[in-house]
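J.:
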Amino acid sequence: MSVDKDTVRRIAKLARLAVPETRLEPMAGELNSIFQWVEMLGEVNVEGVPAMTSVEAQKLKWREDKVTDGGRADELMINAPESTDHFFVVPKVVE
Amino acid sequence: MPPISSDLTAMTLAEARDAIKAKKISSKELTGAFVKAIEVGRPLNAFITEAGEQAMLMADASDRRIAKGEMGALEGLPLAIKDLFCTKGVRTTAASKILGNFVPPYESTVTQNLWDAGAVMLGKTNLDEFAMGSSNETSAFGPVFNPWRASNSNANLVPGGSSGGSSAAVAADLCLAATGTDTGGSIRQPAAVTGRVGLKPTYGRCSRFGIVAFASSLDQAGPMTKTVRDAAIMLKTMASVDAKDSTSVNLPVPDYEKLLEGGIKGLKVGIPKEYRIEGVPAEINALWTKGAEWMKAQGAEIVEVSLPHTKYALPTYYIVAPAECSSNLARYDGVRFGHRASGARDITDLYEKSRGEGFGAEVQRRILIGTYVLSAGYYDAYYARAQKLRTLIKRDFDQAFEKCDVLLTPTTPGPAFAVGAKTTDPLEMYLQDVFTVTVNLAGLPGISVPAGLTETGLPLGLQLIGKAFDEATLLRAAYAVETAADFKHSPAKWWNL
């Protein structure tokens, strides 16, 4: 499998990452050398091997379904690049 | 005669703790000495944010507690914090432009545990951007320089990474101890190449709450210290079960320091034969052999073990970690916090531009790898297969630990290298983690102990790997290696001229 310029453009779009046109080709090269190296995993027989989901044999913890925190709208807004009242301001989404 | 300040900064955490307890020094005296050392140490670029004023206030509060007889386990002891831990009211950057001016309105659980025990925060240390790197060169705040230089050169060397600011700060006596995080070796590798101790605890031992996420199934916080004893002291306070991290484990945290000196008579030490890798310098393998001899001389039994899937660990990691990173870093969108690009046409353009401007080259590369391996049509070939490999790698360790109690390996494939030496080929940089990454994939605890110097006077470490949640045995074994190695070297303070 080989990654080309168009593939990089496509995955950059999926990742919502602006990659300049001039970087697409070099990035394809870098990714290819990494994917070629990773190809060695293909030589291992993984038939019947379960995929790891957690390194600890631990059941996910449950807790009571109740509010434990909140009412911190002011604190949540302090790092907003642009806000008004308690709203995050973004470019127009709906025409 | 009162001790001069350079003596204060050269103390171990345990020595400083005992001196404060005995009221020989105050926290303010101690903290003041470090604040000054940090100023003088600025050429190392170890800190992104210095917090000297706040540190003196914390020290003052600590001295008042001490006067009242209220002593926490780390009372009055000044520490450096990797800038990946959120600290309430103190800028937290992850060494990324995208978080540049982020001021968390909350505190990470690990740092809260430290402050609750009376510790003092000196500042936030530099790192590779989002902890992605092995040399601290991907930081948006510039590289950190290793306090160590080769005996035959004045070239600046890297301090390892990603916790490179923390490793440099500990080795240069800019703090008593520091926190680090380790996703593929980011505590152990920098500790090794700066001649100090770095401990990655078992996954789940320390809470990940409030640590900027890189790869959530691999990330773990741990101490970076001058001695094994100091690592034991730090871990005791850093570790806790936490309702805010569902993967933190509810197991008792033993008093590791008390268990250090039990000796290693009868301890079974496994030597994994697959860790003898082509191209690794002879002095690394020689040190490894010496380490086994040291342990044997103290009554340990050396057994050869096999971890057959070792060579697949790094490629497995470079699927799993980028996959998790691409998912975790989706939150940086320029809307709620962090960098926002100007002049965006619409909301998608805002996301793409903010992320394109805010993330550095290595982070972008990993986001793209992760997005690719998780995308439709490739998921099974890459991500699903890597998760199965991870099961096999873990199984290797389970089987090895039927024959032994700890494993002994080198920490790194070489000593600190020159700044810029490995930045052109990502794969070459990735190989730095060849001995450490397996431990993260299996969720095990690992520690690097300084064990010797290269011919040119650069430090090398040995790694010990323990069974899950058996940090007590791991630390006891590390203490034995440390005692035998008797590594007393410190870098010449070239920045102090």
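Protein chains in written order, with numbering that gives the first Met the number 0: chain A, 0 to 94; chain B, 0 to 496. A virtual CB, placed ideally from N, CA and C, is assigned to each residue, including glycine.
Return the residue from the list B/L12, B/T226, B/R475, B/E300 that minimises the CA-CA distance to B/C174.
T.: B/L12
J.: How would you write the range of the alpha helix (DSSP H) that B/D397 sits in, first residue to last?
T.: 384-399
J.: Locate the beta strand (DSSP E) running through B/I263, then write down its first and last residues.
T.: Counting along the chain, B/I263 sits inside no beta strand (DSSP E), nor does DSSP assign it H or E at all.
J.: Given a cut-off of 8 Å, decide if B/L407 and B/M294 are closer than it, judged by their beta-carbon atoms.
T.: yes
J.: Give a yes or no on whether 8 Å exceeds the smallest Cβ distance from B/I301 to chain A.
T.: Taking CB atoms only, B/I301 has no neighbour in chain A less than 8 Å away.
J.: Measuring CB atoms only, is the stretch 357-366 of chain B touching the stretch 10-26 of chain A, in the sense that at least three cross pairs come out at less than 8 Å?
T.: yes
J.: According to DSSP, B/T86 sits in a beta bridge with which residue or residues?
T.: B/V89
J.: If you scan the stretch 218-297 of chain B from start to end, which runs of the beta strand (DSSP E) of 3 or more residues do you find wholly inside it?
T.: 219-224, 267-271
J.: Taking a cut of 9 Å between CB atoms, which residues from the stretch 11-32 of chain A lie near chain B?
T.: The stretch 11-32 of chain A vs chain B, Cβ under 9 Å: A11, K12, L13, A14, R15, L16, A17, V18, P19, R22, M26, E29, L30, S32.
J.: How is the beta strand (DSSP E) around B/G511 delimited, first residue to last?
T.: Limits of chain B in this structure are 0 at one end and 496 at the other, which puts residue 511 of chain B out of reach.
J.: Looking only at C-alpha atoms, which of B/S247, B/G269, B/I263 sits nearest to A/S53?
T.: Answer by Cα proximity: B/S247.
J.: When you compare the CB of A/E81 with every CB in chain B, is at least one pair closer than 8 Å?
T.: yes
J.: Can you name, in chain order, every residue of its own chain whose Cβ lies under 8 Å from the Cβ of B/K289, other than the five neighbours on each side?
T.: A450, G451
J.: Going by C-alpha distance, which of B/G203, B/K387, B/A476 is nearest A/Q57?
T.: B/G203
J.: Can you tell which of B/F434, B/K402, B/P253 has the C-alpha that lies nearest to the C-alpha of B/E277?
T.: B/F434
J.: State the DSSP-derived secondary structure class of B/E303, mapped to helix, strand or coil.
T.: Taken through DSSP and simplified to helix, strand or coil, B/E303 comes out as strand.
J.: Would you be able to state if there are at least three C-beta pairs under 8 Å between the stretch 417-426 of chain B and the stretch 32-43 of chain A?
T.: yes
J.: Just to confirm my understanding: we take B/A417, look at its own chain, exclude 5 residues before and 5 after, and list those with CB closer than 8 Å. What are they?
T.: A154, N155, L156, V157
J.: By DSSP's criteria, B/V372 is part of a beta bridge. Which residues make up the other side?
T.: None; B/V372 has no bridge partner.
J.: Is it right to say A/P25 is buried, meaning 16 or more other beta carbons lie within 10 angstroms of its own, or is it exposed?
T.: exposed
J.: Comparing C-alpha positions only, which one of B/L76, B/K87, B/F129 sits nearest to B/N327?
T.: B/F129
J.: Is it true that the CB of B/S185 sits closer than 8 Å to the CB of B/G209?
T.: no
J.: So does the stretch 453-469 of chain B actually touch the stretch 339-350 of chain B, counting three or more Cβ pairs closer than 8 Å?
T.: no
J.: For B/G184, which residues in chain D fall below 8 Å Cβ to Cβ?
T.: Judged by its chain identifiers, the structure shown contains no chain D, and its protein chains are A and B.
J.: For A/D84, count neighbouring Cβ atoms within 10 angstroms of its own Cβ and tell me buried if that reaches 16, exposed if not.
T.: exposed
J.: Enumerate in chain order the residues of its own chain whose CB-to-CB distance from B/M0 is below 6 Å, with the five nearest sequence positions on each side excluded.
T.: Confidence at B/M0 is low in this model, with a pLDDT of 38, below 50, so its placement is unreliable and the value that follows should be read with caution. No residues qualify anywhere along the chain.
J.: Alpha carbon to alpha carbon, how far is B/T422 from A/A11?
T.: Going from the Cα of B/T422 to the Cα of A/A11 covers about 23 Å.
J.: For B/M233 and A/V2, what's the separation of their Cα atoms in angstroms?
T.: 46 Å
J.: Under 8 Å, with one C-beta from each stretch per pair, do the stretch 186-196 of chain B and the stretch 293-307 of chain B reach the 3-pair mark?
T.: For the pair of segments examined, the stretch 186-196 of chain B was found not to touch the stretch 293-307 of chain B: the number of CB pairs separated by less than 8 Å stays below three.
J.: Bridge partners of B/T178, per DSSP?
T.: B/P222
J.: Among B/V319, B/G337, B/S165, B/K235, which residue has its Cα nearest to the Cα of A/A50?
T.: When only C-alpha atoms are compared, the closest one is B/V319.
J.: Is the beta carbon of B/P414 sitting closer than 8 Å to the one on B/A171?
T.: no
J.: Of the residues B/V372, B/P222, B/N145, B/M70, which one's Cα is nearest the Cα of B/V109?
T.: B/P222
J.: Just to confirm the assignment, what range does the beta strand (DSSP E) spanning B/T315 have?
T.: Where B/T315 is concerned, there is no enclosing beta strand (DSSP E), although the alpha helix (DSSP H) it sits in stretches over 312-327.
J.: Using C-beta distances below 6 Å, list every residue in its chain close to B/T201, excluding the 5 sequence neighbours before and after it, in chain order.
T.: P444, A467, F468
J.: Can you tell me the Cβ-Cβ gap for B/V304 and B/K402, rounded? I've got them flagged as a contact below 8 Å.
T.: Yes, they are in contact, since the Cβ atoms of B/V304 and B/K402 sit about 6 Å apart, within 8 Å.
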